[in-house]
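Step one of this worksheet: look at the structure below.
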Amino acid sequence: MKRTAIKAAKEAGKIIMSYYSKNVNAVGKGSTYNLVTKADIASENKIISIIKSKFPGHSILTEESGEEIHKSDYCWVIDPLDGTNNFYHKFPMFCVSIALYKKGKPLIGVVYDPLKKELFYAGKNKGAFLNNKKIKVSGANKLSKSLLALGFYYERGSLMRKSLDQMKRFFYEDVHGIRRAGSAALDICYTACGRFDGYWELHLNPWDYAAGSLIVMEAGGRVTDTQGQKYSLMMKNIVASNGKIHKDMIRVLKK
13 MKRTAIKAAK EAGKIIMSYY SKNVNAVGKG STYNLVTKAD IASENKIISI
63 IKSKFPGHSI LTEESGEEIH KSDYCWVIDP LDGTNNFYHK FPMFCVSIAL
113 YKKGKPLIGV VYDPLKKELF YAGKNKGAFL NNKKIKVSGA NKLSKSLLAL
163 GFYYERGSLM RKSLDQMKRF FYEDVHGIRR AGSAALDICY TACGRFDGYW
213 ELHLNPWDYA AGSLIVMEAG GRVTDTQGQK YSLMMKNIVA SNGKIHKDMI
263 RVLKK
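Residue numbering for the sequence shown follows the working numbering, starting at 13 and increasing by one per position.
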């Protein structure tokens with residue numbers, strides 16, 4: 013199953029890169045700011061075809077096509093191009109995200125950055141890896157020693173104001189800095205390998221974090237919602253961290 017996920021991610025990455033040098037049109041999907049391109053669709057089609065060829069009875073949940081439900085304990089959760097806005101504007105922070113869940117629990121997580129050729133992956137109780145090298149979260153144990161990441165929901169209303177207020181509160185905690193890179197899956201993976209110490213975002217969908225969450229947990233980190241409740245694929249608000257600063261992140265977010 014892991015091999016299938018990795019193969020699908022890499023093949024989708026090739027398709028994405030074939031569009032990267034072109035002037036690709038984008039349309040708003042439910043929002044002016046939530047873009048979808050031909051690369052998203054082509055990537056998703058490739059991933060689904062590879063998975064169906066190996067596991068035709070598995071359920072599939074994807075960003076663009078929605079759900080395909082079968083009588084199976086297994087469900088693939090797919091974001092064919094996480095960071096579409098970045099991709100469209102040629103900002104080099106986007107990826108493919110593929111996860112496999114069994115009865116709602118994560119089994120496999122694969123996140124592939126085709127531009128940097130960085131492959132993050134994890135299996136339940138098998139550790140987390142970046143290009144075959146085992147990774148672990150950072151050792152930062154205070155917010156004042158931390159570099160954080162966040163994302164913003166597409167709509168420019170109350171959720172964005174709330175995120176900005178949260179960001180301000182973290183700066184009052186003397187964090188080293190806060191980055192907004194535009195790819196939830198990569199933000200979480202960067203937390204898994206120690207580039208970030210923690211990440212939070214409001215109003216996400218399962219495909220945004222399904223793979224990355226397993227990767228950061230297998231790297232020794234922690235994932236909850238913003239109230240500190242245990243990880244679930246149905247969460248909307250997420251905090252991923254190295255574990256050492258998690259309680260402090262929750263404390264700030266609860267203010």
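In this text, a Cβ means the ideal position worked out from N, Cα and C, and glycines have one as well. Remember, predicted model here, so these are calculated numbers, not experimental data.
Extent of the continuous beta strand (DSSP E) run through residue i
| i | result |
| --- | --- |
| residue 201 | Premise fails: residue 201 lies in the alpha helix (DSSP H), 196-204, not in any beta strand (DSSP E). |
| residue 36 | Where residue 36 is concerned, there is no enclosing beta strand (DSSP E), given that its DSSP letter is neither H nor E. |
Nearest-angstrom beta carbon gap, residue j and residue i [assumed within contact, 8 Å]
| i | j | result |
| --- | --- | --- |
| residue 80 | residue 58 | Not quite, the Cβ-Cβ distance comes to about 16 Å (not below 8 Å), so this is no contact. |
| residue 242 | residue 216 | Their Cβ separation, rounded to whole angstroms, is 16 Å, which puts residue 242 and residue 216 out of contact at 8 Å. |
| residue 142 | residue 205 | 5 Å |
| residue 163 | residue 199 | 7 Å |
| residue 122 | residue 17 | 4 Å |
| residue 14 | residue 133 | 7 Å |
Start-to-end residues for the alpha helix (DSSP H) that takes in residue i
| i | result |
| --- | --- |
| residue 222 | 218-230 |
Three-way DSSP call (helix, strand, coil) for residue i in this model
| i | result |
| --- | --- |
| residue 117 | strand |
| residue 243 | coil |
| residue 183 | helix |
| residue 99 | helix |
| residue 168 | coil |
| residue 125 | strand |
| residue 23 | helix |
| residue 192 | coil |
| residue 257 | coil |
| residue 61 | helix |
| residue 264 | helix |
| residue 152 | coil |
Buried or exposed by the 16-neighbour rule on C-beta atoms within 10 Å, applied to residue i
| i | result |
| --- | --- |
| residue 239 | exposed |
| residue 118 | buried |
| residue 106 | buried |
| residue 116 | exposed |
| residue 98 | buried |
| residue 169 | exposed |
| residue 224 | buried |
| residue 254 | buried |
| residue 192 | exposed |
| residue 103 | exposed |
| residue 261 | buried |
Beta-bridge pairing of residue i - partner residues as DSSP gives them
| i | result |
| --- | --- |
| residue 30 | Its beta-bridge partners do not exist; DSSP assigns none. |
| residue 91 | 109 |
| residue 54 | The partner list for residue 54 (beta bridge, DSSP) is empty, contrary to what the question assumes. |
| residue 146 | 141 |
| residue 132 | 123, 142 |
| residue 250 | 213 |
| residue 78 | 74 |
| residue 236 | 242, 251 |
| residue 162 | 212 |
Cβ-heavy atom distance, residue i to the ligand NAP, below 7 Å
| i | result |
| --- | --- |
| residue 242 | Questions concerning the ligand NAP fall outside what the structure shown contains, since it holds no ligand whatsoever. |
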